[in-house]
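Here is the structure we will look at, set down as structure tokens.
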Amino acid sequence: MSEILSQSEIDALLSAISTGELLPEQDNDANKDKQQIKKYDFKSPKKFSKEHIRTLEMVYDNYARILAGYLSAQVRTSVEMKVAIVEQITYEEFIKSVSSPTILTIYKMPPMVGSLPFETNPQFVFQIIDILFGGQGNTVFKSREFTEIEKNVIRSLNEKLIENLKLAWEGVMSVEPEVLEIETNPALNQTMAPNEPVAIITLSVKINNIQSYMNLCIPYLAIEKIMDKLIVRYKFNMDENVDKEAVRHQIEKKMQNVPLNLITVLGKTQIPVKSFLDLQVGDVIQLERTVGSCIDTFVENRMHYKVLPGTFNKRKAVQVVEIIDKDVEEYE
């Protein structure tokens, strides 16, 4: 039961309020309305909805897995890649956030409109180039200007990376990516207004335990006319009306496009260092296998086949004689 105040206590409270010693309680409804007010920056309008951002995250999560497999095959070492963040900012904020110099690949991707930037961090670029040129790629590189040879090499690689966007977007819509040019100074790329809203997809890349990043920029103007396609209809909801066999074949078709590293070993031998140093053009090194015997073929560093070497259409080839992995047998 609440306490009943005496008349003298009521008079004391009224006196304290009138003198300012005690402030009356504010109305709870007024406080509630005040808390619901949110600030809005008209200079940076949010044009991408949560559903659009979620769809982009799904597409580029698939893209990260595709690139991880492709790069692992190219550099012959483990490459880990994942989506670090998907956010909406202005184009000016994006340009100021990337380092200079960097590799900024400009490409188009119809039905999206205009050009799109794809930034590969200098650490990633120098690490990949070091591995492709015979190094280990286990050094943190200092930022410097790129040589013409390095730019040509990374352009060839980035053309393949951007080409894989077609496979990543396949579940949402059909796209046709094409590289236009490469810039090393982001400030010179004035393809859109500074306050233009853009979606930034940042992919983290880990090679030999060294972290680097790449950024894909999608302007709102580029996808404004096709925004409805970013509302994903979940295709794999297994209800009674879904043809499960068709879904199974669709999944198998996508898996068949995953790149694999295949190596065939002709044979092995050991020779003294002196003999190795004395090798000349035309010398014959004797292996432990005889001519006509089966040799081993490895898929992702695991032996799967016994094969015989030969040629096919004037190109080097092997003929499968025995399948080692029984799990693969039913698909051959």
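Position in the sequence shown counted from 1, then plus 1017, gives you the numbering used here. Don't be surprised by glycine CBs; every beta carbon is placed ideally from N, CA and C.
May I have the straight-line CA-CA distance separating residue i from residue j, to the nearest angstrom?
i       : j       : result
ARG1150 : VAL1192 : Note on residue identity: the sequence assigns Phe, not Arg, to residue 1150. Taking the straight line from one Cα to the other gives about 33 Å.
THR1122 : ILE1199 : 4 Å
LYS1113 : GLY1154 : 28 Å
ALA1081 : PRO1134 : 17 Å
ILE1235 : MET1075 : 15 Å
SER1032 : LYS1067 : 54 Å
ILE1280 : LEU1205 : 44 Å
LYS1363 : VAL1264 : Nothing in the structure corresponds to residue 1363, since the chain is present only between 1018 and 1349.
ILE1268 : TRP1186 : 15 Å
MET1320 : CYS1311 : 13 Å
ARG1332 : LYS1246 : 44 Å
LEU1296 : GLU1180 : 43 Å
MET1255 : GLY1188 : Low local confidence applies: a pLDDT of 48 at MET1255 is under 50, so the model's placement there is unreliable, with the coordinate-based value given in what follows. Each residue's Cα considered, the two are about 17 Å apart.
LYS1285 : ASP1300 : 16 Å
GLN1207 : GLU1109 : 10 Å
So, residue i versus residue j, is the Cβ gap smaller than 8 Å?
i       : j       : result
PRO1203 : THR1119 : yes
ASN1274 : LEU1184 : yes
ASP1078 : VAL1096 : no
THR1219 : TYR1237 : no
LEU1174 : TYR1124 : no
ILE1171 : VAL1215 : no
HIS1069 : MET1244 : yes
GLN1144 : PHE1163 : no
TYR1322 : ILE1341 : yes
GLU1305 : ILE1217 : no
VAL1335 : THR1314 : yes
TYR1087 : LYS1168 : no
SER1221 : MET1098 : yes
SER1160 : PRO1194 : no
How should residue i be labelled, buried or exposed, when 16 other C-beta atoms within 10 angstroms of its C-beta is the threshold for buried?
i       : result
LYS1252 : Caution applies to LYS1252, whose pLDDT of 44 falls short of 50 and renders its modelled position unreliable; the value that the coordinates give is listed next. Label assigned to LYS1252: exposed.
THR1287 : The question names Thr, yet the displayed sequence has Gln at residue 1287. Result: exposed.
GLU1339 : exposed
LEU1030 : exposed
PRO1289 : exposed
LEU1182 : buried
VAL1282 : exposed
ILE1148 : buried
LEU1294 : exposed
LEU1325 : exposed
Take residue i as the anchor and find which of the options has the nearest alpha-carbon.
i       : options                            : result
ASN1232 : VAL1115, ARG1071, ILE1070, GLU1339 : VAL1115
LEU1084 : LYS1333, ILE1224, THR1328, GLU1241 : ILE1224
PRO1211 : PHE1111, GLN1105, ASP1028          : PHE1111
THR1328 : HIS1321, MET1320, TYR1322, VAL1337 : VAL1337
PRO1128 : GLU1176, LYS1242, SER1117, LEU1294 : LYS1242
GLY1131 : GLU1109, ILE1102, ILE1240, ASN1330 : ILE1240
ILE1102 : ARG1071, GLU1109, GLN1207          : ARG1071
GLU1136 : ILE1146, THR1201, GLU1213          : THR1201
PRO1276 : SER1292, MET1190, GLU1317, LYS1291 : GLU1317
GLU1165 : GLY1152, ILE1146, THR1156          : ILE1146
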